[in-house]
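Protein chains in written order, with the numbering used here: chain A, 1 to 306; chain B, 1 to 505; chain C, 1 to 359. Here is the structure we will look at.
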Amino acid sequence: MDLSAINPVLLIASLMVAATPILLAGIGELVAEKSGVLNLGVEGMMIVGAISGFAVAVETGSPFLGFVAAAIGGAALSLLFVLLTQVALANQVASGLALTLFGLGLSALMGQNYVGIKPPPTGRLDIPLLGDIPVIGPMLFNHDIVLYLGIALVAVVWATLKFTRAGLILRAVGESHDAAHALGYKVVRIRILAILFGGACAGLGGAYISLVRVPQWTEGMTAGVGWIALALVVFASWKPWRVLLGAYLFGGITVLQLNLQAAGVAIPVEYLAMSPYLITILVLVILSKDKSNAPASLGRTFHASH
Amino acid sequence: MTVPLLSLQGLTKAYPGVIANNNVSFDIGVGQVHALLGENGAGKSTLVKMIYGLVKPDSGTMLLNGRTYAPPEPRAARADGIAMVFQHFSLFDALNVAENIALGMESPPAMRDLAARIRDVSETYGLPLDPYRTVGDLSAGERQRVEIIRCLLQDPKLLIMDEPTSVLTPQEVDILFQTLRKLKSEGTAILYISHKLEEIRTLCDHATVLRLGENVGECIPAETSARDMAELMVGSALKPPERAGRELGEVALDISGLSVPSPSDFGTALRNIHMTVRQGEVLGIGGVAGNGQDELLSVLSGEVTTAADAVKLAGRPVGDLGPTARRRLGLLTAPEERLGHAAAPDMSLTENAMLTGSVRENLVSNGFLKWRDAENFAKRIITDFDVRTPGPDNAARSLSGGNLQKFVIGREVLQRPDVLVVNQPTWGVDASAAAAIRQSILDLAANGAAVVCISQDLDELMEISDRFAALNEGRLSTPRDTAGLTIDEIGLMMGGAHGMEVAHV
Amino acid sequence: MIVLEKRPQPSRNWSIATPLIAVLATMFFGGVLFAVLGKNPVEAIRTIFWDPLFGEFAFYYRPQLLVKGAPLVLIAIGLSLGFRAGIWNIGAEGQYIMGAIVGAGVGLAFYPMDSIIVFPLMILGGAVGGWAWAMIPALLKVRFGTNEILVSLMLVYVAEQMLASMSLGLLKNPQGFGFPGSRNLNEYASATSWINQDVGMHWGVVFAFIAVIFAYVLLNRHMLGFHIRLTGEAPRAARFAGVKPARLILFCLGTSGALAGLAGLFEVAGPAGQITIDFNVGYGFTAIIVAFLGRLHPLGILLAGGLMALTYIGGEIAQSQLGLPAAAIQVFQGMLLFFLLALDILTNYRIRLRKSEVA
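Written as structure tokens, this is what we have:
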């Protein structure tokens with residue numbers, strides 16, 4: 001065992017990279033859940049985003065277009081969830097599962113010809129001054145733009161929910177769709193937008209795995225990250241900044257166990273590999289006592305009877 | 001003649017299987033307090049939803065100040081100066097007062113300014129309210145104030161109030177009426193929906209009576225007797241329930257020192273409750289909604305368990321027993337919420353008969369269900385309580401409110417309880433069904449059962465109960481004999497006017 | 001304008017018709033998908049749905065139907081109990097793996113003893129393995145209110161790592177020349193689940209049928225089943241009726257875990273033969289589709305399990321004969337669940353066309 005092989009600068013830097021997919025998917029799901037929709041299809045939307053982004057990036061040579069395509073792909077899949085839950089009034093839990101099962105199959109189908117290919121590299125931002133600071137520069141300020149976009153998104157979502165009328169309406173719809181309807185708000189329309197936003201974010205998160213973190217395409221490569229993102233929203237008790245905190249925590253665990261694997265710690269690889277999942281469960285247990293922040297209409301079907 | 005503020009002409013709205021409004025016409029004048037009177041199911045709610053833009057009429061027109069008025073959505077109605085205070089509040093528990101009010105406005109000012117205006121208006125109209133309190137923590141009367149202030153901030157020309165006093169103590173009703181009179185003096189018209197005749201006689205200038213969706217007459221309430229209005233509303237003279245004189249027996253239900261923490265975020269904790277009910281006695285428990293009624297019922301039904309000694313049935317401690325064990329011992333309950341609590345909406349009446357009847361009606365053997373017996377039991381309830389339904393195979397939610405309530409009450413009464421606890425037994429039920437339900441409760445008591453009737457309808461409680469107590473913030477007042485109680489005394493037992501201390505903020 | 005109108009009560013006719021319509025719609029849109037992939041849609045659909053039953057080599061494929069269908073039905077029956085009560089165990093895949101590991105472990109512990117008690121003990125081991133794995137989310141939910149969906153799913157990934165660890169370590173065949181994977185249980189007569197391999201008959205098939213009957217009686221004739229349905233329909237009414245939610249959670253998750261564990265045990269002791277890294281093939285997830293396709297009704301699940309097994313086998317044929325990608329079948333199955341959920345609205349709502357209202 002050689003723990004000295006673990007470089008703290010690289011550890012933090014790769015922690016941020018590992019956290020970004022969870023962060024993106026988590027903040028998207030947070031918005032959907034705030035509107036009262038429980039979309040368990042995050043994993044499916046992520047993996048479809050991962051392959052959409054990968055394929056377009058490879059074909060066009062532009063990672064930027066890849067990320068755009070990933071957002072569209074994720075949102076397109078979430079549109080199926082919209083049809084099921086908002087139009088056909090199907091059970092949200094079942095529909096979310098359907099989305100994941102379908103997304104896993106669809107992504108495998110789409111990705112047949114992309115196995116083993118390297119995507120075009122996503123450029124890193126060259127931030128002057130900040131990037132030149134020793135230690136902190138390479139740790140925090142030497143990443144690609146999507147990573148910062150993820151953090152910015154958290155700030156935007158937080159500010160929107162807290163300070164704007166749009167945010168207030170979104171929260172109101174998630175709190176009581178009947179009351180919101182009685183006041184004349186378009187419950188279904190607002191929820192559809194929230195679901196699509198969640199889908200786009202999940203798609204971006206997926207593409208971040210296939211284009212930046214790994215980067216290549218393999219079937220089922222999201223490996224439960226979407227589910228961890230769902231757990232993250234509970235962990236964060238529906239607060240945006242805590243999503244960021246949680247994502248970095250999970251990212252840290254993932255990176256640490258990979259580093260420990262590489263350092264040849266005496267724990268078998270399999271047990272290290274299951275640690276992120278076990279820790280997710282542990283965190284859920286610790287935090288599930290406090291559900292007071294959960295939107296009151298979460299997961300309930302809305303049908304205006306008149 | 002001057003142009004009326006709002007003129008309804010031949011409004012008709014049909015839903016599958018029922019015509020909610022049939023060719024309804026009447027006028028509301030500027031600054032007029034206009035009562036819309038009718039039983040449950042007479043079509044009052046549908047009518048005001050059309051005025052407020054939530055429902056579109058199938059035919060007919062509305063004129064506002066002489067111009068065609070057809071709001072496609074509530075927003076348009078609000079823009080035209082029409083505001084509405086809902087019967088079932090359209091509030092968001094987890095948000096604060098200011099946020100709730102902002103949601104009901106077209107272009108609310110910044111939160112700080114809005115809070116200041118809320119304080120302003122609330123003081124002007126004697127409706128104290130702290131803009132930063134979370135709505136879920138407010139009493140029913142305070143919640144109503146939120147809705148009223150939300151309306152007042154928009155300077156409405158017409159304020160629609162749907163059954164506003166059903167959630168208020170008598171003292172709070174006085175305050176509300178003062179507010180409404182002040183509004184009227186400022187030229188605001190009020191459409192006041194109610195079935196409480198005395199209220200209408202004290203407050204309203206003019207009344208329109210709806211029956212089965214049709215306008216069956218108009219009157220000046222101050223010049224019409226309550227009896228005449230009631231007959232207009234119901235269509236026939238009602239027979240008041242008969243109370244046979246009866247002997248009180250042993251103490252059947254004894255609750256002492258019962259305290260239970262609030263089961264949910266916005267629920268009410270029960271605090272040190274004492275009461276006894278004797279065989280043959282009806283104890284009426286009044287109080288404004290949300291003061292612990294649901295919680296008290298859960299504690300009595302066994303859904304929430306307590307220390308064994310806190311609840312005694314004929315001297316036997318049962319506080320730690322679940323619902324099934326209590327049923328076996330003769331303590332039966334009927335909760336307020338018919339669909340989803342007392343009955344499973346999508347299940348058949350047979351299955352719903354099984355729901356509480358399995359033990360006492362002997363519908364199970366060794367865990368296996370005797371469906372045939374359950375069906376017979378359901379049929380018996382349907383016949384004995386005149387439940388209008390094609391048969392026991394029909395789903396609970398296919399029944400009208402009154403019929404389902406008769407089924408729910410009948411299901412418990414037919415199981416020959418020693419103690420029966422009912423919560424809001426006639427809520428949302430038409431007059432004839434309500435009369436039948438009250439009669440069955442009295443008959444049960446006459447046969448020696450002890451009955452606890454929790455209700456927000458004070459008239460009902462005065463009519464059927466021997467003793468009266470009120471729940472207020474989870475505390476129960478000392479029960480007193482109903483005979484000789486004045487409305488003021490009842491009001492004080494219910495806690496007077498809630499939250500007035502905030503007035504001095 | 002299309003208006004949805006809630007039916008006074010669910011339509012029985014539609015609740016039977018919707019799965020059939022969903023299957024037809026999936027065939028149609030699946031055909032479109034295959035056409036897009038450059039395959040002849042009619043031929044592809046025929047290969048999937050017709051050839052395994054009535055084609056030239058049907059004698060070979062028909063037994064496969066039992067082999068693939070048994071685990072699906074066994075798992076789906078368990079899941080349907082929970083789903084009915086609003087308890088969402090979606091980690092059956094993990095419970096299936098753990099059942100296989102424990103069951104196979106029991107068998108391998110006795111190797112090479114020849115005894116009639118070995119297999120019953122393995123069955124017990126399989127059930128206990130799956131049950132115990134499902135009790136983790138159950139107990140956490142009862143004790144802490146933890147979301148069972150997320151916990152049971154996380155445990156799938158944990159179980160997969162356990163599987164890898166077992167096939168590389170504890171259960172590795174000592175005579176396997178260092179290859180990962182356990183001994184082959186088919187070569188150990190006391191530990192095989194086969195009854196008659198030629199017709200695809202193994203103990204899993206028997207248990208699947210028993211489970212169907214058990215679930216049918218439970219749901220229609222027994223208080224516990226009534227309570228399960230009541231909890232799903234109206235949780236508050238269920239508590240009012242005297243249901244203890246915690247007990248129901250433990251029962252539903254425990255039973256579905258045990259059945260999934262049994263499915264895993266029968267698979268490892270029969271069709272699969274050994275514990276390997278890629279032992280699980282997603283039955284635990286496909287069973288979710290089976291449960292919904294069967295409308296959470298035991299008999300429906302039996303039929304749905306058969307149909308889903310057919311798409312597995314037909315898919316494999318289409319893969320080898322037409323070069324249809326394996327993922328296409330996965331998409332096809334996902335599509336089926338979609339149509340089913342989307343059409344479910346017809347059961348509870350009436351769809352009416354109404355002229356757009358002029359406000």
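Yeah, the Cβ is synthetic: ideal placement off N, Cα and C, and Gly gets one too. Owing to the predicted nature of the structure, the values given are computational and were not obtained by experimental measurement.
LEU284 (chain A) and LEU140 (chain C) have their C-alpha atoms some 9 Å from each other. Ranking B:VAL234, B:ASN215 and B:THR202 by CA distance to the CA of THR224 (chain B) puts B:THR202 first.
If you check the CB distance, GLY74 (chain A) and GLY49 (chain A) come in under 8 Å. Taking C-alpha positions only, GLY126 (chain B) is separated from MET105 (chain B) by approximately 21 Å. When the five nearest sequence neighbours on each side are left out, the beta carbons in the same chain lying within less than 7 Å of the beta carbon of ILE351 (chain C) are those of ILE2 and LEU4, in order along the chain.
Less than 8 Å separates the beta-carbon of LEU37 (chain B) from that of LEU210 (chain B).
Within chain A, no residue has its beta carbon less than 9 Å from that of GLU106 (chain B); the closest one is some 10 Å off. For GLU247 (chain B), the secondary structure class from DSSP, reduced to helix, strand or coil, is coil. A straight-line Cα-Cα distance of about 26 Å links GLY136 (chain B) and THR426 (chain B). Under DSSP, GLN9 (chain B) shares a beta bridge with B:THR61. Rounded to the nearest whole angstrom, the C-alpha separation of VAL277 (chain B) and ALA314 (chain B) is 10 Å. Taking GLU43 (chain C) as the centre and dropping the five residues before and after it, the same chain places the C-beta of LEU322 closer than 8 Å to its C-beta, in chain order. Under the DSSP assignment, PHE26 (chain B) falls in the beta strand (DSSP E) whose first and last residues are 18-28.
Going by beta carbons, ALA202 (chain A) and GLY226 (chain A) fall inside the 8 Å limit. Contiguous beta strand (DSSP E) elements confined to the region 102-182 of chain B occur at 158-162, taking only those with 3 or more residues. Residue pairing by DSSP puts PRO317 (chain B) in a beta bridge opposite B:LYS312. In the structure shown, MET50 (chain B) falls within a helical segment according to DSSP collapsed to helix, strand and coil. The Cβ of GLU375 (chain B) sits no closer than 8 Å to any Cβ of chain A. Of all residues in the region 294-312 of chain B, only SER301 and GLU303 place a beta-carbon less than 7 Å from a beta-carbon of chain C. Residue state for MET494 (chain B) is assigned as coil, using DSSP reduced to three classes. Here the region 110-119 of chain C does not lie against the region 73-85 of chain C, with fewer than 3 beta-carbon pairs under 8 Å apart.
At a cut-off of 8 Å, the C-beta of ALA76 (chain A) has no neighbouring C-beta in chain B.
The residues ALA237, ALA238, ALA241 and VAL243, in chain order, have a CB closer than 8 Å to that of LEU230 (chain C) in the same chain once the five nearest residues on each side in sequence are set aside. When C-beta distances to chain B are compared with 7 Å, every residue of the region 11-33 of chain A stays at or above that value. Residue environment: VAL151 (chain C) is assigned as buried (16 or more neighbouring CB atoms within 10 Å of its CB, all protein chains considered).
Bridge partners of GLU218 (chain B) according to DSSP: B:THR208. Not one beta carbon of chain B lies nearer than 8 Å to the beta carbon of ARG295 (chain C). DSSP places TRP427 (chain B) in the coil class of the three-state scheme, outside both helix and strand. In terms of Cα proximity to ASP393 (chain B), the closest of B:GLU231, B:SER440, B:ALA94 and B:LYS379 is B:LYS379. The Cβ atoms of THR20 (chain A) and LEU109 (chain A) lie no closer than 8 Å to each other. Where MET98 (chain C) is concerned, the enclosing alpha helix (DSSP H) starts and stops at 92-110. Each of C:VAL281, C:ALA309, C:PHE209 and C:ALA304 was checked against the Cα of ALA291 (chain C), and the nearest Cα belongs to C:ALA304. Counting of Cβ neighbours within 10 angstroms places VAL36 (chain C) among the exposed residues, the total staying below 16. In the three-state scheme derived from DSSP, where H, G and I count as helix and E and B as strand, ILE273 (chain B) is classed as strand. The three-state reading of DSSP puts MET110 (chain A) in helix, counting H, G and I together. Ranking B:ARG467, B:GLU172, B:ALA140 and B:GLY280 by CA distance to the CA of LEU492 (chain B) puts B:GLU172 first.
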